[in-house]
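Participant: Protein chains in written order, with the working numbering: chain A, 159 to 539; chain B, 159 to 539.
Backbone N, C-alpha and C define an ideal beta-carbon position, used for all residues, glycine too.
Since this is a predicted model, take the numbers as computed values, not measurements.
Handing you a structure now.
Below you can see the structure in the form of structure tokens.
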């Protein structure tokens with residue numbers, strides 16, 4: 159047994175996490191107590207030293223109440239010092255080991271300004287991205303270059319057509335990496351040039367968003383190359399490259415580009431209603447802390463299974479007050495047909511990015527004309 | 159519609175993924191077809207260009223059979239070129255978007271040497287790690303410095319006691335980051351010195367394993383510092399820093415240290431039997447591709463919920479033939495009581511690392527004596 163421990167200069171400031179916990183009241187309360195220890199000292203309660211470790215380092219149940227049938231909500235607070243002012247370590251405390259324990263879902267992060275102040279958050283956010291695109295009064299329209307297997311020249315033709323037709327943002331499909339049939343640098347160069355040419359003709363500010371997701375030693379290099387070649391933003395898959403790697407890209411003054419994040423490899427966190435991380439936190443709050451400016455996710459009613467309510471939650475997570483951390487664009491993809499638009503506007507308001515993929519291609523071979531059609535539709539809403 | 163597409167220099171070599179898919183036969187078959195498209199061209203089948211894209215880039219169902227009640231096994235192959243010889247993009251194809259679709263579980267990776275050859279895998283593996291530790295004939299014994307809240311000096315005292323008592327490997331608790339009450343560099347320096355001193359006294363080769371998990375721009379810096387300060391290996395949480403970041407550390411000749419990976423933040427991938435990634439693939443195959451030498455996970459019968467069978471699967475994933483990719487140590491933690499040891503040996507054989515945490519502390523204040531007790535127990539098995 160270690161004796162009583164005193165820790166110098168603890169601020170007393172705490173952040174909180176709201177967890178949904180499955181089970182009857184006794185089980186849920188016991189799981190809540192377990193979270194307090196598992197996520198900090200990772201030590202049995204009776205062996206944990208008295209003094210500042212038990213008083214401050216161990217998590218503290220601030221609130222515990224029934225949230226539904228066999229579900230309880232526990233709000234647990236932790237000392238801000240546990241995070242070391244580091245997003246990775248914050249996530250480690252919030253959900254590291256307990257990700258392996260069934261029936262615990264992170265519902266919401268409640269972060270004081272003392273902790274938020276260590277993060278810059280999005281460099282652009284909704285306002286900054288609108289300024290870049292010079293579109294202020296309607297949702298933004300984004301599409302993707304696809305399918306995998308086309309050459310850089312073929313994708314550049316697509317990009318030119320989309321940009322000519324009035325699409326605001328053109329992203330790489332997230333499956334476009336650095337394959338030999340479509341090398342990263344050649345693709346970015348050609349597509350950036352194609353979009354630039356179209357912009358000169360239309361007078362618009364369409365943004366090309368290459369996918370910089372890749373090997374750990376290439377992510378920064380590719381992002382700088384994107385900047386050098388004149389593309390307008392970065393597409394990144396945080397669960398593949400590391401959530402904090404996105405933060406690093408967002409913080410880099412050498413890059414200084416907007417970042418759109420893609421949910422590839424993230425689904426396991428949200429697929430269970432009883433375990434994992436809520437849509438609100440994962441696609442909203444965490445992506446804002448990581449400095450994303452737009453967060454892609456599958457829209458309700460499309461080929462994925464997110465519900466209308468879950469999508470609405472993501473939109474809330476993108477805009478809920480987080481001190482100086484800017485609001486960002488929810489970017490739902492799929493299911494964007496004309497007859498569903500009214501309902502989609504009800505869920506997202508006007509502050510969202512419409513992601514149209516196959517729908518644009520389905521209208522026929524003239525992609526510029528199909529783009530114009532969707533742009534008109536969006537302007538008329 | 160894009161016309162027929164020809165892609166130069168496709169090798170024809172394919173890798174396969176075995177998926178477990180929930181549903182009746184029709185649903186499962188339809189989901190399998192969907193995987194072929196969703197994970198590659200992300201395009202509706204009828205819009206996908208003929209020629210090499212449909213023939214080679216789109217996934218191909220190689221086998222489809224009933225695997226259990228309302229579960230089917232689909233083996234789907236992809237062109238090696240889709241990966242761009244990149245672990246991140248391999249994971250993207252294997253489970254990127256479909257992570258968001260319920261009822262799909264990655265069961266096993268079947269990788270041809272053409273693809274394996276682009277990865278170095280573990281620098282040490284089981285044989286290399288045993289050579290470093292000079293222990294050849296029994297499982298290795300590892301414990302953790304804890305709890306969070308202790309100072310570097312207090313943790314160094316622990317490390318000295320453990321090393322003096324015959325523990326083979328001493329890792330930082332994964333919650334030790336760079337908190338101001340326990341700064342990274344001071345901790346690593348003091349603990350490395352303490353273990354070195356003990357080794358000089360015992361003549362053994364106990365290894366100290368600092369946790370380098372941290373902000374994206376600090377991971378490499380901390381790993382080099384670990385090397386410089388004479389600690390023996392790295393502890394990393396791949397799901398927090400990015401799986402490929404581990405590969406980068408393993409590949410670095412400047413570091414050249416063994417890597418132990420920790421499952422923090424990974425649980426959502428394995429918590430459902432119907433969605434996610436199997437224990438075999440996530441903690442075994444993927445960690446080997448990433449170059450880990452030892453993979454930590456919660457043992458069955460401890461305070462987590464992995465079953466005996468799931469733990470056994472991890473052990474298989476650590477050692478199954480993967481060409482030149484070395485076998486690595488499964489490192490189960492928890493539940494290591496004397497009366498369970500016989501069964502634990504049955505599951506893991508002798509090639510595993512026993513992770514003992516609270517159990518060592520529970521035996522009393524003399525940690526060196528408790529360490530000797532466990533070391534004797536392990537030697538007598």
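Which runs of the beta strand (DSSP E) spanning at least 3 residues fall entirely within the segment 364 to 439 of chain A, listed in chain order?
Facilitator: You should have 365 to 367, 392 to 394, 417 to 419.
Participant: Answer yes or no: do residue 197 of chain B and residue 170 of chain B have a C-beta to C-beta separation smaller than 7 Å?
Facilitator: Here residue 197 of chain B refers to the residue found at position 39 of the second chain. Here residue 170 of chain B refers to the residue found at position 12 of the second chain. No; because the gap between Cβ atoms is not below 7 Å, this pair is not in contact.
Participant: Going along the chain, which residues of its own chain have a beta-carbon closer than 7 Å to the beta-carbon of residue 391 of chain B, five neighbours each way excluded?
Facilitator: Here residue 391 of chain B is taken as the residue at index 233 of the second chain, counted from 1. Closer than 7 Å at the Cβ level, and outside the excluded window around residue 391 of chain B, lie 365, 367, 415, 416, 417, 418.
Participant: Residue 490 of chain B bridges to which residues according to DSSP?
Facilitator: Residue numbering aside, residue 490 of chain B sits at position 332 when the second chain is read from its first letter. According to DSSP, which records beta bridges pairwise, residue 490 of chain B is partnered with B:455.
Participant: Check whether the Cβ atoms of residue 405 of chain A and residue 449 of chain A sit closer than 7 Å, and answer yes or no.
Facilitator: For this step, residue 405 of chain A is matched to residue 247 along the first chain. For this step, residue 449 of chain A is matched to residue 291 along the first chain. Contact flag set, yes.
Participant: Which complete alpha helix (DSSP H) runs does the segment 271 to 338 of chain A hold, if anything under 4 residues is left out?
Facilitator: Here the runs fully enclosed are 271 to 274, 283 to 291, 310 to 322.
Participant: Span of the beta strand (DSSP E) holding residue 464 of chain B?
Facilitator: Here residue 464 of chain B is taken as the residue at index 306 of the second chain, counted from 1. Per DSSP, residue 464 of chain B belongs to no beta strand (DSSP E) and is neither H nor E.
Participant: Between B:430, B:300, B:494, B:388, which lies nearest to residue 264 of chain B when the distance is taken from Cα to Cα?
Facilitator: Stepping through the second chain from its first residue, residue 264 of chain B is reached at position 106. Answer by Cα proximity: B:430.
Participant: Per DSSP, which residues does residue 237 of chain B bridge with? Please list them.
Facilitator: Here the question's residue 237 of chain B lines up with position 79 in the second chain. B:172, per the DSSP bridge assignment.
Participant: Output the boundary residues of the beta strand (DSSP E) element that contains residue 346 of chain B.
Facilitator: By 1-based counting over the second chain, the position of residue 346 of chain B is 188. Per DSSP, residue 346 of chain B belongs to no beta strand (DSSP E); it is in the alpha helix (DSSP H), 342 to 360.
Participant: Quick one, are the C-beta atoms of residue 433 of chain B and residue 423 of chain A less than 7 Å apart?
Facilitator: Working through the second chain from its first residue, we reach residue 433 of chain B at position 275. Working through the first chain from its first residue, we reach residue 423 of chain A at position 265. For residue 433 of chain B and residue 423 of chain A, no; Cβs fall outside 7 Å.
Participant: Is residue 479 of chain B near residue 280 of chain B, with beta carbons less than 7 Å apart?
Facilitator: For this step, residue 479 of chain B is matched to residue 321 along the second chain. For this step, residue 280 of chain B is matched to residue 122 along the second chain. Cβ distance not < 7 Å, so residue 479 of chain B and residue 280 of chain B don't count as in contact.
Participant: Please report the straight-line C-alpha distance between residue 249 of chain B and residue 396 of chain B, rounded to a whole angstrom.
Facilitator: Residue numbering aside, residue 249 of chain B sits at position 91 when the second chain is read from its first letter. Residue numbering aside, residue 396 of chain B sits at position 238 when the second chain is read from its first letter. Rounded to the nearest angstrom, the two C-alpha atoms are 13 Å apart.
Participant: Using C-beta distances below 7 Å, list every residue in its chain close to residue 215 of chain A, excluding the 5 sequence neighbours before and after it, in chain order.
Facilitator: Start at 1 with the first residue of the first chain, and residue 215 of chain A comes out as number 57. Within the same chain, residue 215 of chain A has close Cβ partners 198, 199, 237, 240.
Participant: For residue 264 of chain B, which beta-bridge partners are listed by DSSP?
Facilitator: For the purposes of this step, residue 264 of chain B is identified with residue 106 of the second chain, where counting begins at 1. According to DSSP, which records beta bridges pairwise, residue 264 of chain B is partnered with B:177, B:435.
Participant: Between the segment 172 to 180 of chain A and the segment 228 to 235 of chain A, can you find at least three pairs of beta-carbon atoms closer than 8 Å?
Facilitator: Short answer: they touch.
Participant: Across the segment 451 to 464 of chain B and the segment 277 to 293 of chain A, are there enough close Cβ pairs to call them in contact, namely three or more that are closer than 8 Å?
Facilitator: At 8 Å Cβ cutoff, the stretches do not touch.
Participant: Could you tell me which chain A residues have their CB closer than 9 Å to the CB of residue 395 of chain B, listed as they occur along the chain?
Facilitator: The residue you call residue 395 of chain B lines up with position 237 of the second chain. Those are 246, 250, 254, listed as they occur along chain A.
Participant: Under 7 Å, Cβ to Cβ, is there at least one residue of chain A near residue 542 of chain B?
Facilitator: There is no way to answer for residue 542 of chain B, as the model of chain B reaches only from 159 to 539.
Participant: Is there a Cβ from chain A that is less than 7 Å from the Cβ of residue 453 of chain B?
Facilitator: Mapped onto the second chain, residue 453 of chain B falls at position 295. Not closer than 7 Å to any Cβ of chain A, the Cβ of residue 453 of chain B fails to qualify, so no.
Participant: In whole angstroms, give me the CA-to-CA distance for residue 227 of chain B and residue 439 of chain B.
Facilitator: Counting from 1 along the second chain, the entry for residue 227 of chain B is found at position 69. Counting from 1 along the second chain, the entry for residue 439 of chain B is found at position 281. Cα to Cα, the separation comes out at about 22 Å.
Participant: Within the 7 Å Cβ cut-off, does residue 459 of chain B reach chain A?
Facilitator: Position 301 of the second chain, counted from the start, is the residue given in the question as residue 459 of chain B. False, the Cβ-Cβ gap to chain A never drops below 7 Å.
Participant: Between the alpha carbons of residue 348 of chain B and residue 337 of chain B, how many angstroms are there, rounded?
Facilitator: Mapped onto the second chain, residue 348 of chain B falls at position 190. Mapped onto the second chain, residue 337 of chain B falls at position 179. Roughly 16 Å separates the two Cα atoms.
Participant: Would a C-beta distance cut-off of 7 Å place residue 317 of chain B and residue 276 of chain B closer than the cut-off?
Facilitator: Position 159 of the second chain holds residue 317 of chain B. Position 118 of the second chain holds residue 276 of chain B. No.
Participant: Measure the beta-carbon distance from residue 512 of chain A to residue 299 of chain A and round it to whole angstroms, keeping in mind my assumption that it falls under 8 Å.
Facilitator: By one-based count along the first chain, residue 512 of chain A stands at place 354. By one-based count along the first chain, residue 299 of chain A stands at place 141. Going by Cβ atoms, the distance from residue 512 of chain A to residue 299 of chain A rounds to 5 Å, so yes, they are a contact pair.
Participant: Going by DSSP, which residues form a beta bridge with residue 513 of chain B?
Facilitator: For the purposes of this step, residue 513 of chain B is taken as residue 355 along the second chain, with counting starting at 1. In the DSSP output, where bridge partners are listed per residue, residue 513 of chain B has B:300, B:491.
Participant: Considering only the alpha carbon of each residue, which of B:471, B:363, B:356 lies closest to residue 489 of chain B?
Facilitator: As a working mapping, residue 489 of chain B is identified with position 331 in the second chain. Looking at the Cα atoms, B:471 is the closest of the given residues.
Participant: Please report whether the beta-carbon of residue 430 of chain B lies at a distance below 7 Å from any beta-carbon of chain A.
Facilitator: In the second chain, counting from the first residue as 1, residue 430 of chain B sits at position 272. Yes - at least one Cβ of chain A is within 7 Å of the one on residue 430 of chain B.
Participant: Using beta carbons (cut-off 7 Å, strictly below), is residue 239 of chain A in contact with chain B?
Facilitator: For the purposes of this step, residue 239 of chain A is identified with residue 81 of the first chain, where counting begins at 1. Yes, residue 239 of chain A lies at the interface with chain B (some Cβ there is under 7 Å from its Cβ).
Participant: To which residues of the same chain is residue 272 of chain B closer than 6 Å at the C-beta, ignoring the five residues directly before and after it?
Facilitator: As a working mapping, residue 272 of chain B is identified with position 114 in the second chain. 171, 238.
Participant: Counting only beta-carbon atoms, is residue 413 of chain B nearer than 7 Å to chain A?
Facilitator: By 1-based counting over the second chain, the position of residue 413 of chain B is 255. Chain A contact via Cβ: absent.
Participant: For the alpha helix (DSSP H) that residue 527 of chain A lies in, which residues bound it at each end?
Facilitator: Within the first chain, numbered from 1, the residue matching residue 527 of chain A stands at position 369. 525 to 538 is the extent of the alpha helix (DSSP H) around residue 527 of chain A.
Participant: Rounded to the nearest angstrom, what separates residue 167 of chain B and residue 339 of chain A at their Cα positions?
Facilitator: On the second chain, residue 167 of chain B is found 9 positions in, with the first residue counted as 1. On the first chain, residue 339 of chain A is found 181 positions in, with the first residue counted as 1. Each residue's Cα considered, the two are about 8 Å apart.
Participant: Going by other Cβ atoms of all chains shown within 10 Å of its Cβ, with 16 needed for buried, is residue 180 of chain A buried or exposed?
Facilitator: Here residue 180 of chain A is taken as the residue at index 22 of the first chain, counted from 1. Residue 180 of chain A comes out buried.
Participant: In chain A, what lies closer than 9 Å to residue 187 of chain B by C-beta?
Facilitator: Indexing the second chain from 1 puts residue 187 of chain B at position 29. Chain A residues near residue 187 of chain B: none, gap ~16 Å exceeds 9 Å.
Participant: So, for residue 460 of chain A: in the same chain, excluding its five sequence neighbours on each side, which residues have a beta-carbon less than 6 Å away from its beta-carbon?
Facilitator: Mapped onto the first chain, residue 460 of chain A falls at position 302. The residues are 492, 493.
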